[in-house]
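Student:
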Amino acid sequence: MRFGVLGPLAVWTPSGDPVAVREARVRALLASLLVAPGRVVSADRLVDDLWGDVLPANPSGSLQTLVSRLRRAIGAGLVVHRPPGYLLDVPPDTVDSGRFAELTGRARRTTDPGALVALLAEALGLWRGEAFAGFADEPFASTAAAALEEQRLVAWEDYAGARLQLGDHAVLAGELGELIERHPLRERLRAAHLRALHGAGRTTEALDNYRKLRRLLRDELGLEPGAELTALQQEMLRAEPPAPLRRQTPPPPSPAPQTELVGRDDAVADVRALLGTHRLVTLTGPGGVGKTRLALEVARAEDEVCLVELAGLPRETTVDGLADVVAAALGIRDGTRQQSSVERLADALRGRRLLLVLDNCEHIVEPVAALVPLVLPASDVRVLATSREPLGVSIEHLWEVPPLDVPTPGAPSADVQRSGAVRLFAVRATAASPGFALSTENAETIATICRRVDGIPLAIELASARVRVLGTAELAERLNDRFAVLTGGPRDAPPRQRTLRAVLDWSWELLTAAERTVLRRLAVFADGCTLAAAEALCSGDGVRHSEVLDLLARLVDRSLVVVSHSADGPRYGLLESVSAYGERQLEPQELARLRHAHAAYYTSLAEEAAEHLHGPEQQRWLGRLDAETGNLRRSLGDGEFASRLARAMAWYWFLRGRLTEARRATEAAGSAVAAAWHTGFRLLTGEPVDSRTALRLRDAITDPCERAMAGWFLGYAATRFGDMPVGEELIRAALAEFEDLDDSWGVAAALSVRAVQRHVRGDLNQSTVEAERSLALFRETCDRWGRVQACAVLGRLAEIAGDYPAAATWQREGVELAEELALWPDAAMRWSELGRIALLEGDHDRADELHERGRALAVEHSDSAGQEFAEVGLALSARRRGRFAEAETLLRPWLEWNRRFEADNGAALILAELGFAAEQRGDADAAFDLHGQGLAAARRTGDPRAVALALEGLAGARLLTGQPGRAKGLLGAAARLRESAGAPLPPCERGDVDRIEKALHGEVPGSDRELQECR
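Here the sequence shown is numbered in my numbering, starting from 187 and rising by one per residue.
(1) With DSSP as the reference, identify every bridge partner of S228, one or two as the case may be.
(2) CA-CA distance, A481 and D640?
(3) Going by CA-CA distance only, name the one from A459, T329, E373 that's closest to A413.
(4) Roughly how many whole angstroms lie between the Cα atoms of Q952 and A903?
(5) Closest to N573 by C-alpha separation, out of I581, V567, W585, L562, would be which residue?
(6) From F321 to S218, what distance separates their C-alpha atoms?
(7) In angstroms, rounded to a whole number, what distance separates the CA positions of A860 and S829?
(8) What are the complete beta strand (DSSP E) segments, minimum 3 residues, inside the stretch 745–787?
(9) Return the CA-CA distance between A851 and S1050, expressed in angstroms with no decimal places.
(10) Could you have a look at F571 and say whether DSSP puts it in helix, strand or coil?
(11) Going by beta-carbon coordinates alone, are A709 and S765 separated by less than 8 Å?
(12) Roughly how many whole angstroms lie between the Cα atoms of G816 and A832?
(13) Is C715 helix, strand or coil by DSSP?
(14) Going by the DSSP bridge assignment, what does A139 pair with across the sheet?
(15) With DSSP as the reference, please indicate the residues paired to L544 in a beta bridge.
(16) Can you give me the Cβ contacts of P756 inside the same chain, cut-off strictly under 8 Å, excluding the 5 residues immediately before and after it?
(17) Can you list, in chain order, the stretches of the alpha helix (DSSP H) that have 4 or more residues and sit fully within the stretch 252–316?
(18) At a cut-off of 7 Å, would you count L921 as near the ligand HEM, judging by its Cβ distance to the nearest heavy atom?
(19) Please go through the same chain and pick out, in chain order, the residues whose beta-carbon is closer than 8 Å to the beta-carbon of M187, but skip the five residues on each side of it.
(20) Where does V1202 sit, in a helix, a strand or coil, going by DSSP?
(21) CA-CA distance, A597 and S246?
(22) Would you kindly check if the distance between the Cβ of A487 and the Cβ of L177 is under 8 Å?
(23) For P1172 versus G988, is the C-beta distance shorter than 8 Å?
(24) Report the option in F1070, L1026, L983, T390 whose CA atom is closest to the CA atom of D949.
(25) Determine the burial state of S821: buried for a count of at least 16 other Cβ atoms within 10 Å of its Cβ, exposed for fewer.
(26) Please report the distance separating the alpha-carbon of G284 from that of G462.
(27) Give the straight-line distance between the Cα atoms of A1160 and R1086, rounded to the nearest whole angstrom.
(28) Using 10 angstroms around the beta-carbon of G238, count the other beta-carbons present and answer buried if the total reaches 16, otherwise exposed.
(29) DSSP three-state call for T522: helix, strand or coil?
(30) Could you give the distance in angstroms between the alpha-carbon of F711 and the alpha-carbon of H784?
(31) Go through its chain and collect everything with a Cβ distance to A1210's Cβ below 6 Å, but skip five positions before and after it.
(32) Identify, in the order they occur along the chain, each residue of the same chain with its Cβ nearer than 8 Å to the Cβ of E1072, setting aside the five sequence neighbours on each side.
(33) Return the CA-CA distance between G1025 and R1032, expressed in angstroms with no decimal places.
(34) Pick from R1125, D1090, R1126, V1058: whose alpha carbon is nearest that of L1100?
(35) Looking at the structure shown, is E335 part of a helix, part of a strand, or coil, going by DSSP?
(36) State the DSSP-derived secondary structure class of P1203, mapped to helix, strand or coil.
Okay, structure coming up:
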């Protein structure tokens, strides 16, 4: 495939036939990927590009849908998923912008005017209109479109110059006319046009155009034409033939980088593109992030570059003093005219085309900010500045240099080794310790080191230098004292870059007293904080509450505080090394006071959130608590607030499936309420508990609201993993208490669990009534978690009735709600429920796909119950396909897991499946044993359908041993049980029964024939 962005978005086959991509949003997705072909665009960025502020209900799912449609249009192999998003996997020259860049690059390297004209003619011929036409105003494409348009104009200027050298004046004069109208202030383009007119004998017209340009420059910019245009006017007035174009003497070369730049290919491309459209680009970022090194790499592509190192200048440097330093770096001598240093520099730069790199501006920001706007308007110079804070002038375009990408914990080894941070560590460690090699054995340790130092290149390089002495494991351990470990940088580096502490000292010394106060107090937070939290904890001792916002903004500008934005507003955080540095600046008494105030603040926040986790604001407050996870965990360490905080967080932990964390936090809380919740969490995490204990714990609670809620929670846990009669007693009591309290949410929650209990007992009609009433109440209270629970029960009831379309509708509604709330354990279970329905409909491939999706979610979130449900579903599919060994391998570990609980429902099903597999393999003894155990477990559940399933299994085992009469009787008993429960087997669930009945009637020769699939 070939792609076009130099005009309206286009796709062609290799033979040149157009490919239709009709849907507007799919075209927008393709355009977003074509901004950077071959580079990953994060899913979050794509969602923002495609929907902006008006997000769909399920952004991730909607994006996946668009990706699927794009793959169908252009080929599945071209749109590749690679964390954290997607990329268009095509060579650069298959996109017309890449081909354009290749041709113009070759043109710049040639000295033959004829070859240059041929190359640029081909390059300009690729254009079919404006770049990214139709998308150029979209935020995701505007910068790239502007950069391409600037490159097009530069190519036209080079093309015109080469044609002038070849004497092609007359035709060129006409071709440049339209460009001049659209870009009247481009002096180089105007000079080429004037030369073409003059060379074509149209000197009077050329002089008239010059006068118009002069008036335009005066009126629009307050400037006179540059030296090249002024000299050209004099040539035309003297009626001289066109002079050859003057070449500039390049400035002294910039220093060549001493080491390979690792992990910055995308950054280099982005900054080069910005310099194509902006006169002043400032690279900002924290100390050690690699601003200077990136600037040098960007500059390597320029013909003329001058590096001006400013770190050694005193803070008292004036604008004229700075101009003298820049002039000296450029090799500009003092003139004879009486001029200021700034005027002399501006005059010397007039007409010159070069990239001026101003490195380390942060300590003299004011003079740099004053100088740059004075010299840029009079020249074709572009400035690339590096600074820990912006210059703050109107023409500035900021580009924040990010830390190198670090792998997430637990990432596959291949992903770890692709990480920019890990690759840099490996390159530098190999240089410092020749025996070192990156391997699967040390990759995760190196990834941990890179995460601990925030992906900052300087810190990574300092750490890698220690490998020779410490090795990777010991190095990772010692990073708790990072300032003692990360020392000993290269002797040829500036002193401020030889140790991590020196890097941060340089930034600290530039701060005011108030800025230092706020920065060190921010170290008390974990994973950042909101503005309100910062104002509460960082004010005092001379810093007013109203001043904190401005101080935070100044610290953000100085690249010491990282700001991120969400629906709930900005969050302010520190890199781990900055946080460690800030904590060292706190006196012990101030640190203790701050930690206590921090715990008080977040306990209050959690208690406020707990009031909103049932009802319409559930999603918003779940998100707020998600963002504050680090701060809430840190606050649990405060003895005064731990008990209150654990109680406030219990429901949040339950919704998020963080059961082990909840069990630990409630264990030491000490109150009767905490003890009840602790026991419920023990049950849900699979720890053996005597369910009768739950009744005593519930009765020990005196507060009616707390007793009802704790009783419900214990009843829910006992119903799932404990003793069903105890669960029924607890829920019955909780329902009555919620009704007395007039608590609609509580009534709905109790009914949802009781619907499950009725379903398990085989009372399907009453289960339906209570699930429907629960759903209605949850809808009234606008509680989406509750709707997920009620939908799950109604879906299972529809499945039992054989109404698979209705069952799928209920489960899909549940999965959509669960994913909206990021309730991943619930979402995992709903995906697997949809897998069960697909299995019953006979679509085994689809069933496996859905079960695998549920399993992946469950494993990702350490949800054992969800993983069990998914893998049992995969086993059901495997057995129905005759893959008995695979089914047994999946089932046996979960049989032991289920036997840890008082509830026998899971064990009864697994024993039945293992028994059927044994029977179909012809192992009568194993089938009898397994179905016998299954029958005992099924009877303990009280579920007639489970008992019927065990009897059907025993019928197959009896038939296998030549007892058809016994088999027929068992099948009859099973059918009567199902009828009594109002749940006869639907046609697609009769596979095992039909197989056994056919064998009874001699229709199938041999009872070990593969199960007939329902299609």
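Here a beta-carbon is modelled for each residue, glycine too, at the ideal position from N, C-alpha and C.
Tutor: The structure says:
(1) Taking the first residue of the sequence shown as 1, we reach residue 228 at position 42. Beta-bridge pairing links S228 to G271.
(2) Mapped onto the sequence shown, residue 481 falls at position 295. Mapped onto the sequence shown, residue 640 falls at position 454. The alpha-carbon atoms of A481 and D640 are separated by roughly 21 Å.
(3) Residue numbering aside, residue 413 sits at position 227 when the sequence shown is read from its first letter. A413 has its Cα closest to that of E373, out of A459, T329, E373.
(4) As a first step, residue 952 must be located in the sequence shown, where it is residue number 766. As a first step, residue 903 must be located in the sequence shown, where it is residue number 717. Rounded to the nearest angstrom, the two C-alpha atoms are 21 Å apart.
(5) As a first step, residue 573 is located in the sequence shown; it is residue number 387 there, counting from the start. One detail in the question is off: residue 573 reads as Ser in this sequence, not Asn. Ranking I581, V567, W585, L562 by Cα distance to S573 puts W585 first.
(6) As a working note, residue 321 is residue 135 in the sequence shown. As a working note, residue 218 is residue 32 in the sequence shown. F321 and S218: Cα-Cα distance of roughly 9 Å.
(7) Numbered from 1 along the sequence shown, position 674 holds the residue referred to as residue 860. Numbered from 1 along the sequence shown, position 643 holds the residue referred to as residue 829. Between the alpha carbons of A860 and S829 lies a gap of roughly 8 Å.
(8) 748–752, 755–759
(9) Here residue 851 is taken as the residue at index 665 of the sequence shown, counted from 1. Here residue 1050 is taken as the residue at index 864 of the sequence shown, counted from 1. Straight-line Cα distance between these residues: approximately 20 Å.
(10) As a position in the sequence shown, residue 571 is number 385, starting the count at 1. The residue you asked about is not Phe; residue 571 is Ala in the sequence shown. Note: A571 maps to strand in three-state DSSP.
(11) In the sequence shown, residue 709 corresponds to position 523, counting from 1. In the sequence shown, residue 765 corresponds to position 579, counting from 1. In contact: A709 and S765 (Cβ atoms closer than 8 Å).
(12) Within the sequence shown, residue 816 is the residue found at index 630, counting from 1. Within the sequence shown, residue 832 is the residue found at index 646, counting from 1. In a straight line, the C-alpha of G816 is about 14 Å away from that of A832.
(13) In the sequence shown, the residue the question calls residue 715 occupies position 529. If DSSP states are grouped into helix, strand and coil, C715 belongs with the strands.
(14) There is simply no residue 139 to check, as the chain begins at 187 and stops at 1201 in what is shown.
(15) Translated into the one-based positions of the sequence shown, residue 544 becomes position 358. According to DSSP, which records beta bridges pairwise, L544 is partnered with V494, A571.
(16) Numbered from 1 along the sequence shown, position 570 holds the residue referred to as residue 756. Counting only Cβ-Cβ distances below 8 Å, and skipping sequence neighbours, we find T716, L717, V749, S750.
(17) 282–295, 299–311
(18) Ligands are entirely absent from the displayed structure, and the ligand HEM is therefore not among its contents.
(19) Along the sequence shown, read from residue 1 onward, the residue named residue 187 stands at position 1. V197, W198, T199, P200, V205, I260, G261, L264, V276, T280, listed in sequence order.
(20) Because the chain is modelled from 187 through 1201, residue 1202 falls outside the range shown and cannot be assessed.
(21) Position 411 of the sequence shown holds residue 597. Position 60 of the sequence shown holds residue 246. The alpha-carbon atoms of A597 and S246 are separated by roughly 21 Å.
(22) Given that the chain is displayed from residue 187 to residue 1201, the structure contains no residue 177 and the question cannot be resolved.
(23) Position 986 of the sequence shown holds residue 1172. Position 802 of the sequence shown holds residue 988. Their beta carbons are under 8 Å apart, which means P1172 touches G988 by this criterion.
(24) By one-based count along the sequence shown, residue 949 stands at place 763. Of the listed residues, the one whose Cα sits closest to D949 is L983.
(25) Within the sequence shown, numbered from 1, the residue matching residue 821 stands at position 635. The residue is buried, with at least 16 neighbouring Cβ atoms inside 10 Å.
(26) Numbered from its first residue, the sequence shown carries residue 284 at position 98. Numbered from its first residue, the sequence shown carries residue 462 at position 276. Roughly 15 Å separates the two Cα atoms.
(27) Here residue 1160 corresponds to residue number 974 of the sequence shown, with the count starting at 1. Here residue 1086 corresponds to residue number 900 of the sequence shown, with the count starting at 1. A1160 and R1086: Cα-Cα distance of roughly 28 Å.
(28) Residue mapping note: residue 238 aligns to position 52 of the sequence shown, counting from 1. When all chains shown are included, G238 counts as exposed.
(29) One-based indexing of the sequence shown puts residue 522 at position 336. For T522, the predicted structure reports a pLDDT of 44, less than 50, and the residue's modelled location is therefore unreliable. The matter cannot be settled from this model.
(30) Taking the first residue of the sequence shown as 1, we reach residue 711 at position 525. Taking the first residue of the sequence shown as 1, we reach residue 784 at position 598. Answer to the nearest angstrom: the Cα atoms are 8 Å apart.
(31) Residue coverage of the chain in this structure runs from 187 to 1201, which leaves residue 1210 outside it and unanswerable.
(32) The residue labelled residue 1072 in the question sits at position 886 within the sequence shown. Cβ neighbours of E1072 within its own chain (closer than 8 Å, five residues either side excluded): A1061, A1064.
(33) Numbered from 1 along the sequence shown, position 839 holds the residue referred to as residue 1025. Numbered from 1 along the sequence shown, position 846 holds the residue referred to as residue 1032. Residue identity differs from the one stated: residue 1025 is Leu in this sequence, not Gly. Taking the straight line from one Cα to the other gives about 8 Å.
(34) Working through the sequence shown from its first residue, we reach residue 1100 at position 914. Measuring from the Cα of L1100, the nearest candidate turns out to be V1058.
(35) Working through the sequence shown from its first residue, we reach residue 335 at position 149. Reduced to three states, the DSSP call for E335 is helix.
(36) Examination of residue 1203 is not possible in this model, given that the chain is present from 187 through 1201 alone.
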